[in-house]
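Note that full-length UniProt numbering has the sequence shown beginning at 1, numbered continuously upward. Glycine included, each C-beta is placed from N, C-alpha and C at the ideal position. Just so it is clear, the structure is predicted and the values come from calculations on it, not from any experiment. What follows is a set of notes on a single structure, which appears directly below.
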Amino acid sequence: MTDLAPILKALRLAVKLDPKELQRHYFTSPSVPYSLRTDLDYATVARFEEQNLGVPGIDIAVKPIRYYNYGALASHVIGYVAAPDDKEKVSPDGIALDMVGKWGIERYMDGQLQGKPGGRILKVNYRGYIVNEESYIPPQLGDCVYLSLDTRIQYIVETALRSVGRGAAVVVDPNTGDILAMCSVPNFDPNDFIPKISQENWQKLTTDPTNPLVNRAISSYPPGSTFKLLIALAALKSGAITPKTVINSPAAIDIGGHLFHDWTKTGRGNITLYDGIRYSCNTFFYQVGIRTGIQNIEQMANAAGFGQLTGIPLPGESPGIVPGPEWMKQKYPMERWSTAHTANVSIGQGFLQVTPLQMALFVAAIANGGTLFYPRIVQGVSNNKGEIKIAVPSRVHSQLDVSPQDLEAVKSAMLGVVEEGTGANAKIEGIKVAGKTGSAQATKKLNGKLYKDTRAWFVGFAPYESPRYAFCILVEGGVSGGATAAPIAKKILEGIFDIEKGHNPTLTYLKPAIGNFNGLTEFTKEQTGSSQPKPPPENQSGQNDDDD
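Right, dumping it as structure tokens:
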């Protein structure tokens, strides 16, 4: 047998040969070529061609592999392909597979994206060695899947968000439900999985405490004051208030014998809905929520898509939680729902959980006049000639069923948030942006210590007069919605409107965004005035503790 070591050294092919694996291959598949390396780059191939020493049986075979041109861009949406495990090596129709979709759209649409492998019919001698190639069957390309993502907008969103350490952003077309961008940080490079991720890299991904494999855009969090938009719509629809109802909103109010505070030290005095939203006044919304009643709030939340899966074809989506008396009875049989719980829900705290995707779709419904769309991320499938095989239409989930006048009152207040309220950091010269800030209390246990880990939110739409973009920004470990998330929204919108003017961003390969816990601060337990039982993990119920 030829000694391979000097040959491989001359070709500079570093290979660790496993004698047992070679022996197994020799006795089980002697006529099938043994793969020494499966990751040759162009330089290595060139060296081989130049220095081929004429040793029979050593050759280079080419096979197509997936390559993601922009690295980590949209990695939580696209997912990745990799070598199949034992259960995936053969397709349902009996075809042997080299690569399969493992996650994300790659997995969901694997049946369409998979082509048919080619093959060679080889003539072998009595010892099983190849004598000649009789025929060659070229591989067939799979279908093309078209996504709603705008690569330019996705790039702008990812570059704007990648420095925050932990967060998510979603941009939606409010008139169709198309997902124009969906980003979660930290993220990963799907090219690392091809053909197979190293044990070292896999260990890093799965043990990283910032969870780069988690898609935060479809994970659930307490929404903070962004949920006041839904409380406002529920209150207006139920008749609990009108846009002109005046409510005295002090620094704190008594609910069930406990003080529930505003985030300001002075309160806002006598205000209407416009100022309640514009200044994100907690004591205003405690009272509005209690007047509205939890049943009406639950009804509006259901119509708005909260507490349920959106159906987006991505792994790990959370339905969120819309708590109420029945939920409490099932989850905490020994507890009873109280006005304190309703007050907490009214400012987006307590047991309430929503996803950034749900929030973006809800704000899109406000922007378009009340129609809630299902999210559309796959627009269609064509063959490799460009002929459409499947067209995926937009789908309506529900109507918010709120009068145009009441919707306009909420939209007008959202404009006020950016023009002269808590969201002023999202203001853009020459473009009217409507928005809502939110800052939700949460805690994080790290290295045995408990820290405050504020969820900073900013949601909205633009342009105000004819909305083309609805969005949601979430930052874990932020200062507040107005201070942390609103500036990110501004940067994203400025980039989007630059695209509309013909100024496209220069797309480059993105390395994975690295997670961090820079936004954590030492946690100080504060009186919340809540009578609810133990909160969910890493979620401290109570009033917003920061300027929205």
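Residue i: first and last residue of the uninterrupted beta strand (DSSP E) it sits in
i: K457; result: This sequence places Trp at residue 457; Lys is not what is there. Looking at the DSSP string, the run of the beta strand (DSSP E) that includes W457 is 455 to 462.
i: L259; result: 258 to 261
i: T437; result: 434 to 440
i: Q379; result: 378 to 382
i: Q399; result: 396 to 399
i: K389; result: 388 to 391
i: V475; result: 469 to 476
i: D548; result: Element bounds for D548: n/a, residue is neither H nor E.
i: A252; result: 252 to 255
i: L352; result: Careful: L352 lies outside any beta strand (DSSP E) and carries neither H nor E.
i: K445; result: 443 to 446
i: K449; result: 449 to 452
Other residues of its chain near residue i: CB distance less than 6 Å, five sequence neighbours each side excluded
i: A83; result: P195, K196
i: A303; result: S398, L400
i: Y146; result: Q379, G380
i: D545; result: Any reading at D545 needs caution, since the residue's pLDDT is 47, under 50, leaving its predicted position unreliable; the model's value is listed next. Taken in chain order, the residues that qualify are Q441.
i: G276; result: F284
Neighbourhood of residue i by C-beta distance below 7 Å, restricted to the same chain and skipping five residues each side
i: G71; result: D189, N191, Y509, L510, K511
i: L161; result: G167, A169, C183, V185, I488
i: W103; result: G79, Y80, P315
i: G289; result: I231, I297, T342, A343, V345, S346
i: I496; result: I153, I156, Y469
i: D18; result: none
i: E494; result: I428
i: I218; result: I312, L314, G316, E317, S318, T355, L357
i: K389; result: D143, V381, S382, N383
i: D208; result: G515
i: K491; result: A160
i: residue 578; result: No answer is possible for residue 578: it lies beyond the span of the chain, which begins at 1 and ends at 548.
CB of residue i within 7 Å of CB of residue j, strictly
i: V378; j: V396; result: no
i: F373; j: G177; result: yes
i: I156; j: P505; result: yes
i: L113; j: G142; result: yes
i: G478; j: A442; result: no
i: S250; j: T210; result: Checking the sequence, you will find Pro at residue 250 rather than Ser. No, the pair does not count as a contact, with Cβ atoms beyond the cut-off.
i: I121; j: E134; result: yes
i: L352; j: P222; result: yes
i: V77; j: A360; result: no
i: N187; j: S91; result: no
i: V417; j: R278; result: yes
i: G370; j: S225; result: no
i: V322; j: A301; result: yes
i: I253; j: Y286; result: yes
i: G320; j: G307; result: yes
i: P174; j: P467; result: yes
i: residue 559; j: A485; result: There is no way to answer for residue 559, as the model of the chain reaches only from 1 to 548.
i: P117; j: P138; result: no
i: G115; j: R107; result: no
Limits of the alpha helix (DSSP H) - the one that residue i falls within
i: V363; result: 356 to 368
i: M328; result: 325 to 331
i: T371; result: No alpha helix (DSSP H) contains T371, which is instead part of the beta strand (DSSP E) from 371 to 373.
i: A513; result: Per DSSP, A513 belongs to no alpha helix (DSSP H) and is neither H nor E.
i: K385; result: Unbroken run through K385: none, as it is neither H nor E.
i: D498; result: 486 to 500
i: K411; result: 404 to 420
Contacting residues, own chain, Cβ-Cβ under 8 Å from residue i (five flanking each side not counted)
i: D406; result: L233, L236, K237, P243
i: L520; result: K444, L446, Y451, K452, D453, G477
i: D39; result: P195
i: Q299; result: A234
i: I65; result: M99, I194, P195
i: S220; result: S318, P319, G320, I321, Q353, V354, T355
As an exercise, report each continuous alpha helix (DSSP H) stretch of at least 4 residues that is fully enclosed by the UniProt domain "Penicillin-binding protein dimerisation" (27 to 133), in chain order. 42 to 51, 75 to 78, 104 to 108, 110 to 113
Within 8 Å, do at least three Cβ pairs link the stretch 365 to 378 to the stretch 319 to 335? no
Any contact between the stretch 418 to 426 and the stretch 371 to 389? By contact I mean 3 or more CB pairs, one from each, below 8 Å. no
Any contact of the stretch 456 to 473 with the stretch 432 to 442, i.e. 3+ C-beta pairs under 8 Å? yes
Assess contact between the stretch 256 to 269 and the stretch 350 to 357, defined as three or more Cβ pairs (one per stretch) separated by less than 8 Å. Is contact present? no
If you scan the stretch 137 to 195 from start to end, which runs of the beta strand (DSSP E) of 3 or more residues do you find wholly inside it? 144 to 147, 167 to 172, 179 to 185
Check whether the stretch 410 to 424 and the stretch 224 to 238 touch, using three or more Cβ-Cβ pairs below 8 Å as the test. yes
Which ranges would you report for the alpha helix (DSSP H) in the stretch 196 to 247 if only whole runs of at least 4 residues count? 199 to 207, 228 to 238
Quick check for students: name the residue ranges of the beta strand (DSSP E) that lie wholly in the stretch 265 to 342, counting only runs of 3 or more. The stretch 265 to 342 is shown to contain whole beta strand (DSSP E) runs of 3 or more residues at 269 to 271, in chain order.
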